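Okay, so here's the structure we're looking at.
2 protein chains.
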Amino acid sequence: MGRPIRTRRQATLASLAAELGVSRTTVSNAYNRPDQLSPELRRRVLETARRLGYPGPDPVARSLRTRRAGAVGLLLTENLSYAFRDPAAVGVLEGLALACEDAGVGLHLVPASPGREDVAAVHRAGVDGFVVYSVPDDDPSLAAVLERPVPTVIIDQPSIEGIDRVGPDDAAAVGKIAEHLVGLGHRQVGVICMRLARERNDDFVSPARQSGAHFHVQRTRLEALAVAFSAAGVDWAGVPVIERFDHTVDDGASAARQLLDAYPQITAVICTSDILALGAMAEAERRGLRVPQDLTVTGFDGIAEAERIGLTTVHQPVLEKGKVAGRLLLGSAERSAPKVITLPTELRVGRTSGPPRTVEEPWFGG
Amino acid sequence: MGRPIRTRRQATLASLAAELGVSRTTVSNAYNRPDQLSPELRRRVLETARRLGYPGPDPVARSLRTRRAGAVGLLLTENLSYAFRDPAAVGVLEGLALACEDAGVGLHLVPASPGREDVAAVHRAGVDGFVVYSVPDDDPSLAAVLERPVPTVIIDQPSIEGIDRVGPDDAAAVGKIAEHLVGLGHRQVGVICMRLARERNDDFVSPARQSGAHFHVQRTRLEALAVAFSAAGVDWAGVPVIERFDHTVDDGASAARQLLDAYPQITAVICTSDILALGAMAEAERRGLRVPQDLTVTGFDGIAEAERIGLTTVHQPVLEKGKVAGRLLLGSAERSAPKVITLPTELRVGRTSGPPRTVEEPWFGG
DNA sequence: ACGCTAATGGAAACCGTTGTCAGATTCACC
DNA sequence: GGTGAATCTGACAACGGTTTCCATTAGCGT
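Listed in order, the protein sequences are those of chains A and B. If you want the numbering used here, it's the 1-based position in the first sequence plus 1378. If you want the numbering used here, it's the 1-based position in the second sequence plus 1378.
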């Protein structure tokens, strides 16, 4: 792999000790407990180490003995491009990384391969705990994590007995959006959502698929929308919901196109993520629809770019989410009852939502 | 940490073997070499494992024995928020993660703590190799990585003897931007760049700091700009260069403000990243300057948002950068000469660059 | 000179696996 | 029934450290 060939067998703590004529204990102490040996000897040990090219105690061997890996594992959705393309997910990652950094432990991204049901990676990860973020609830890797005898925290996942959990008050957040739209007068709405299951479906969503969604966040949001709009007298069964497997602006745009082609009477497009909403905005522009005069568009998450363009959305503290999860995992080993932490969300009304356009039909016509 | 208290000592491969009345080898084989024992026995082993709550072979012990950790380490700049806030950096991360996933190995983010010179994290990381991305060349963690007896690949770093390296043809890329601007007629330009060293400086940059910059990419870009503009007859010493330690849109805006306040005659603001350029755009708008009629703004990297708004920038294949680095590290163990891979860049002329505004002074006045 | 204490270094057990290799068992077939 | 092949199994030696006692020595007061 492009490194100079190792000339001879790597030096080990034992060989170094032999070279020096001291015991392994002493060499180990030179590295880990400087106060346990004289400075003079320590200096000699370290210098000889340098001379022999000994890189210090082997991390794996050390981990085995101390029973601490110095890392936490992160299990993400099986599709990495989702995780990295969504600023909200990146925010969570950043928060988690910050918490890890504070604690001086590494963050181990577990390769949960999409195709093959390769749970081995979970078993192979030498970590002191796991954070599970937004994986489908029927993901075999998740099951594998739960089998490991290490503490675990889940983010944006359905509750699991005995497992710490952190997540936003999704239902309440969605309620705010729904109220906002209902209050503005919208009755003809359409929804664009992210993938609901591991099987691809880039099309309208059947009620069955909706209620059986394996991605907790998406399901929660849809359910809350259904509740809120039903309460406002809108027949939810008549509301078109369209799904996109991939999570890009372009997919949001194509979804909006499909949605508006089929349901031109819609006055508001509700997107379950800001990324999708950005796509919907692009499609609106392409069609010559003015936002919000002709069409209202709302998002979810409150990413920076959304804020920049004044998207009406629900902001959730993504950085906090990751940070809190990390702290929960790494925090004092108080083995009290499992904690559930709910993070606040906030409706941010921007420039992309307004009253519905005046319909062509008379008001009593609907 | 919120997990049910472990009732008794964890089961080990040995205790499982004892329970079953077989040897440890047999149990090990049940997990790792199914063909080495009868299906019946294997079934019995696995079932007993489940009954005893044995989670499978301990990953750390296995790593020690097999000498493979199944993970590669990633050393990032000491400032995580930079790494995660910059879409270009995230792209690299994603590419690397993809390569790791393909190979079925984990990606271990090393916590290179900013304040304390805590090199220990590098020593503690149980990994089979390292990728180093955009850290200052005097970073102690980098030195620590190079001491580890594992293969290493560096991205966007100055060359190191015997180490694989991948990076864009930065100098050429910058040349294209400079040519573009010179060709348009710009002679009064200003530069906004990212941090040049580990010490904070949110101000104009002295020539000494410029040439002594510890961040390779930034230094390369500045140097190339100097060469290109000098060649066009512009006195580089007279070109204001302003630096921002943090890498956010807001910082880009504040830098642009400071720059334009001090040098109102400037007709083009060259930013060494798209994020900073977005900030410069915002500041231009705030001032009522039309882009590009009143002011030209250029970026670097070619992030998605830049493309969306039509920023003139240089696109580099960030995803590829990470992917290639990963493949280099994980690729066939051909211990040939260290490889250096240069990735292509491409000038993308957008809607933010145009000829300089007509000056108030007559043309012979400058 | 003696005994006590503190400082320093060492012996040995242990962490939980995997891999090699030889021995044991089974089995088909002559 | 004997024989060789095929299939399993088990003993043992690593892998490279850390840690808990122990033993030794040095320092020091009396």
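C-beta: ideal position from N, C-alpha, C; glycine also. Remember, it's a predicted structure, so these values are computed and weren't measured experimentally.
| Item | Value |
| --- | --- |
| Beta carbon proximity, Pro1489/B to chain A, threshold 8 Å | yes |
| Simplified DSSP assignment, three categories, for Thr1691/B | strand |
| Exposure label - Pro1662/B; buried when at least 16 CB within 10 Å | A small correction: the amino acid at residue 1662/B is Ala; Pro does not occupy that position in the sequence shown. It is buried - the Cβ of Ala1662/B has at least 16 other Cβ atoms within 10 Å. |
| Per DSSP, the bridge partner or partners of Val1344/B | Shown here, chain B extends from 1379 to 1744; a query on residue 1344/B therefore has no answer. |
| Proximity test, Glu1397/B beta-carbon vs the ligand ADP heavy atom, cut-off 7 Å | No copy of the ligand ADP occurs in the structure displayed, which carries no ligand at all. |
| The segment 1671-1681 of chain A touching the segment 1646-1656 of chain A, judged by at least three CB pairs closer than 8 Å | yes |
| Minimum Cβ-Cβ distance from Cys1649/A to chain B less than 8 Å | no |
| Pro1733/B to Thr1736/A span [Cα, whole Å] | 44 Å |
| Where Pro1447/B meets chain A, residues with beta-carbon distance less than 9 Å | In the sequence as presented, Pro is not what sits at residue 1447/B; that position holds Ala. Result: Pro1437, Val1438, Arg1502, Gly1504. |
| Sub-8 Å separation of Val1569/B and Ile1620/B beta-carbons | yes |
| Members of the segment 1455-1483 of chain A that neighbour chain B once the beta carbon cut-off is set at 7 Å | Leu1458, Ser1459, Phe1462, Val1468, Leu1471, Glu1472, Ala1475, Leu1476, Cys1478, Glu1479, Gly1482, Val1483 |
| Residues in the segment 1514-1533 of chain A having any Cβ partner in chain B nearer than 8 Å | Glu1525, Arg1526, Pro1527, Val1528, Pro1529, Thr1530, Val1531 |
| Beta-ladder partner(s) of Pro1546/B, from DSSP | Leu1721/B |
| CA-to-CA distance, Val1544/B to Leu1458/A, given in whole angstroms | 22 Å |
| Contact belief for Val1513/A with Ser1519/A at Cβ below 8 Å, rounded distance in angstroms | 7 Å |
| Ile1555/B (DSSP reduced to helix, strand or coil) | helix |
| Between the CA atoms of Ala1586/A and Gly1380/B - distance to the nearest angstrom | Per-residue confidence for Gly1380/B stands at a pLDDT of 33, beneath the threshold of 50, marking its modelled position as unreliable; no derived number is given. |
| Chain-order list of residues whose beta-carbon lies under 8 Å from that of Pro1618/A (same chain, five-residue window excluded) | Gly1568, Val1569, Phe1582, Leu1637, Ala1640, Tyr1641, Ile1644 |
| At least 3 beta-carbon pairs within less than 8 Å: the segment 1557-1565 of chain B vs the segment 1715-1731 of chain B | yes |
| Identified DSSP bridge partners for Ala1370/B | Nothing in the structure corresponds to residue 1370/B, since chain B is present only between 1379 and 1744. |
| Three or more C-beta pairs below 8 Å linking the segment 1457-1471 of chain A and the segment 1395-1403 of chain B | no |
| Nearest-angstrom Cα separation, counted from Gly1630/B out to Asn1407/B | 59 Å |
| Contact the segment 1676-1694 of chain A vs the segment 1648-1659 of chain A: 3+ CB pairs below 8 Å | yes |
| DSSP three-state assignment for Val1509/A, whether helix, strand or coil | strand |
| Cβ of Leu1442/A within 8 Å of any chain B Cβ | yes |
| Val1405/B - DSSP class collapsed to helix/strand/coil | helix |
| Limits of the unbroken beta strand (DSSP E) element including Val1619/A | 1619-1622 |
| Cβ pair count under 8 Å reaching 3, the segment 1422-1430 of chain A against the segment 1410-1422 of chain B | no |
| Contacts of Gly1434/A in chain B (Cβ-Cβ under 7 Å) | His1501 |
| C-beta neighbour in chain B for Glu1425/A, strict 8 Å | no |
| Terminal residues of the alpha helix (DSSP H) in which Ile1653/A lies | 1652-1665 |
| Asp1413/B (DSSP reduced to helix, strand or coil) | helix |
| Sub-8 Å separation of Ala1503/A and Pro1437/B beta-carbons | yes |
| Status (buried if at least 16 other CB within 10 Å, exposed otherwise) for Leu1472/B | In the sequence on display, residue 1472/B carries Glu and not Leu. Classification of Glu1472/B: buried, given that the 10 Å Cβ count is 16 or more. |
| Cβ pair Ala1481/B, Leu1708/B closer than 8 Å | yes |
| Short Cβ contact (8 Å threshold) for Gly1700/B with Val1470/B | yes |
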